[in-house]
Every structure is written in C-alpha cells, then in structure tokens.
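Be aware that the sequence shown starts at 6, since it is given in the numbering used here, and climbs by one per residue. Backbone N, C-alpha and C fix where the C-beta goes; we use that ideal spot for every residue, glycine too. Computed from a predicted structure; not experimentally measured. Below is one structure, written out as structure tokens; the observations come after it.
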Amino acid sequence: MKASELGERKLIKLLTRGLYKNPRVLVGAGEDDAALISFGEKELVAKSDIMFRSTHFPEGMKPEAIGRKVAVANISDLAAMGASPLATLFSFGLPPSFDVSEFARIIKGINAACLEYDAPYVGGDTKKAKELSICGIALGEIGRGEAIRRCNARSGDVVAVTGKIGDAALGLEILLKGMKTGRYGKLVNAFLNPSARVKEGRAIAQCNIGAAGMDITDGLFFSAGEIARMSGVCLSLDRWSIPISKEARKFAEEHNVKENYLLNNGEDYELIVTIKREKFEEVRSKVEDAGGSLIQIGNVIKGKGVLIDGRRVKTAGYDSLNYP
C-alpha cells in the first residue's frame, strides 16, 4: 500500500504504534499538537514540522515569507498547547544550485518570526536535496497541568475560536491560480504573513481550567473532529457564529466558492478551544487583556463527531500526503 492511499493520519497512527515511552513523556508522538515532557518544575513542549517547496510554497512566494511560514507553523503548535516558546531549530535540504542570497532571505524571515515570539533560532543542519525542504523544531515550556489538550473537552463546554476563519485558504487559492490580488490583498496577506496565537494560548492555559484545543491549520472541521474524537464528545457548531471576514464572503460570492471550503481547507493559525461554560467569560476577558479575542461558535454535547446547525459534517481536512 502506498503512503498516499493510507493517508497522513492513519500513517502517523501506524508509525507511532508501540513507540518507547518512559514516565517523563506525558504526551507522546501523535497524541496531540506537540509532545509534553516532565521537566523539573515545569513541562517541556516539543514540536516538529517539515515543509517542501513543491507542496507548501506557491510560485512567487518571497523567501522572507517562506521563512516566516515555517517558523510560525512550528510555533503555532506551542501556542495550541498554551506554551511559552523557548527556542527553535531549523534544518534545510538545499539543491546544489540553490541561490545563496535567497537562502539568506529565508533565514531573515525565520529570524524575524523567532524574534517576534521570543523563540531564538539556536541551530539545525544543512544537507543536499532535490528541492528546498525545511524542517523546524520548536521547544516551549508550560506550568505543570496547564497544557491545553485535545482530550479535555466535556459535555456542556463552550466551543470558541480566536479569530476569523478562511482568509488564508482563499489567499492561497488566489496565489495558486495566478489571480490578480486587487481588492483581496488582505486574503493573500493572511496566507503569506500568518501569526501564531501565542498570547491567546498562554492566557487560556494560565487560567488552568482544563481547556481543550488545537490550531486550525488543517481546517476548522478537522480540528473540531480531532477534539471530539480524542475527548469522546460531539462538537455542535453554529454556522452563523463562525467569524468569516467581509472580504472572504465577498470573494466566495464572486467566485462561487462554497462556505465549507473556507471552513475546512486549512492554513488558518487561529485556535479552536473548549472552555467550561461557567468559566468562559473569565477566560475571554483574560484573552482580551492579552490583546486577543475569543468568539463562541458552538457547544460541546454528548455524542460523537461534529455537527453544524445540527447536521453532521465530514472532518477529513487537509492531508499532506494527498496534496496535489
């Protein structure tokens, strides 16, 4: 069987089955957004993400934007667990003919993002490859028991997101099809200049209320489905409560893009979380004090899977092994 036939998620399950895990490993490979390791008085959060030119970087994407995207993708998984970034490492596969000045600009983009999130770039490796590939590792720390986990959702919780959904997916669509940016520069910028919700994740984690969550880089429905699956509950979403920008709605209307495409095509670095109902206003206030937002989009109920306006939805999301 080919890897593409099995799919990314099933392949990860196969690869992580039976891996060695000692008592210090609180959350192991494939169990959440990042690994969680007991580390003295705190817990260490570790994440790795790899990207390739042919798969992740559309034609014409500037080197600085490539660097930022790789850095933010790794740091975002720390944010999803509520961790404070500690450091990052990046390893590169480079064709022998790769332009040195372009490589320097990629490093510039990585370093700028690392500076923004106080996650210093401390090392890595460089090897010959057929195409540009970049593998990042992000390390973070969090107080004992504070981590936002996919398995923490409970019936009665509020479901919320930290920002608008769909802008980045449409921005990528515009770039891939070579369309003129025109009035939709905001959508393209959402893809080229992503932000990790570190402050929001930290504010939620510091409330220490057992929140569930993850980032939405593989699609809102997929992320909701993962939380539902890991927690043994159903996430019931209200379509009209999901924040979608005016630009995204206008573009979708003009180009006949279905709304579900916006909600399940990934590239958003927002967080989806579940919060105890009685604590929601307190947590939202903490997030707003940190400079972010928290928008209720549904509720956790008994059952399985994801509902939107009472109807079950597919939660496949983006699969890197089946990307064109």
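Coarse secondary structure for residue i, derived from DSSP in three states
i	result
G148	strand
C156	helix
R268	Here residue 268 is Leu; the residue named in the question, Arg, does not match the sequence. Looking at L268 - three-state DSSP - the assignment turns out to be helix.
Y126	strand
A60	Going by the sequence as given, residue 60 is Thr instead of Ala. Looking at T60 - three-state DSSP - the assignment turns out to be helix.
V163	strand
S81	helix
A39	coil
D223	coil
L137	coil
I142	strand
G45	coil
K169	coil
G238	It should be pointed out that residue 238 corresponds to Val in this sequence rather than to Gly. Note: V238 maps to coil in three-state DSSP.
G176	helix
G72	helix
S325	Reliability of the predicted coordinates at S325 is poor, the pLDDT of 45 falling under 50, and the value obtained from them is presented with this limitation in mind. Helix.
Within 9 Å, strictly: CB atoms of residue i and residue j
i	j	result
P226	I313	It is worth fixing the name first, because residue 226 is Phe in this sequence and not Pro. Yes, they are a contact pair.
F103	C140	no
G215	N157	yes
V193	K309	no
T60	A165	no
L197	R73	yes
T93	I115	yes
R159	V305	yes
A117	A124	no
G57	L137	First, the amino acid is wrong: residue 57 is Phe here, not Gly. In this structure, L137 lies closer than 9 Å to F57 by Cβ.
D368	A109	As displayed, the chain neither begins before 6 nor continues past 329, which places residue 368 out of reach and without an answer.
G168	G297	yes
A84	L299	no
K135	G98	yes
R155	G218	yes
P291	A208	The sequence shown places Lys at residue 291, not Pro. Yes, they are a contact pair.
S241	G303	yes
P199	E287	no
Q211	G148	yes
K319	N269	yes
Y126	A78	no
I80	Y122	yes
D82	D243	no
E69	K113	yes
T222	Y274	yes
V105	Q301	no
According to DSSP, residues forming a beta bridge with residue i
i	result
K132	G98
K52	A143
Contact with chain D by residue i, beta-carbon distance below 9 Å
i	result
V292	Included in the structure is just one protein chain, with no chain D present.
Check your understanding: Pairing CB atoms from the segment 87-103 with CB atoms from the segment 203-220, are three or more of them under 8 Å?
Key -> yes
Practice item. Only counting runs of 3 or more residues, tell me where the beta strand (DSSP E) segments fall wholly within the segment 240-323, in order along the chain. Key: 276-280, 300-306 and 310-313
Practice item. Give, in chain order, every unbroken run of the beta strand (DSSP E) that is at least 3 residues long and sits entirely within the segment 83-125. Key: 89-99
Practice item. Indicate whether the contact test is met: 3 or more Cβ pairs, each with one atom in the segment 175-187 and one in the segment 228-240, closer than 8 Å. Key: no
Practice item. Could you tell me whether the segment 250-261 touches the segment 159-174, where touching means 3 or more Cβ pairs closer than 8 Å? Key: yes
Exercise for review: State whether the segment 49-60 contacts the segment 124-132, with contact taken as three or more CB pairs (one from each stretch) at a distance under 8 Å.
Suggested key: no
**Study point:** Complete beta strand (DSSP E) runs within the segment 178-231 (minimum length 3 residues, chain order)
**Key:** 217-220
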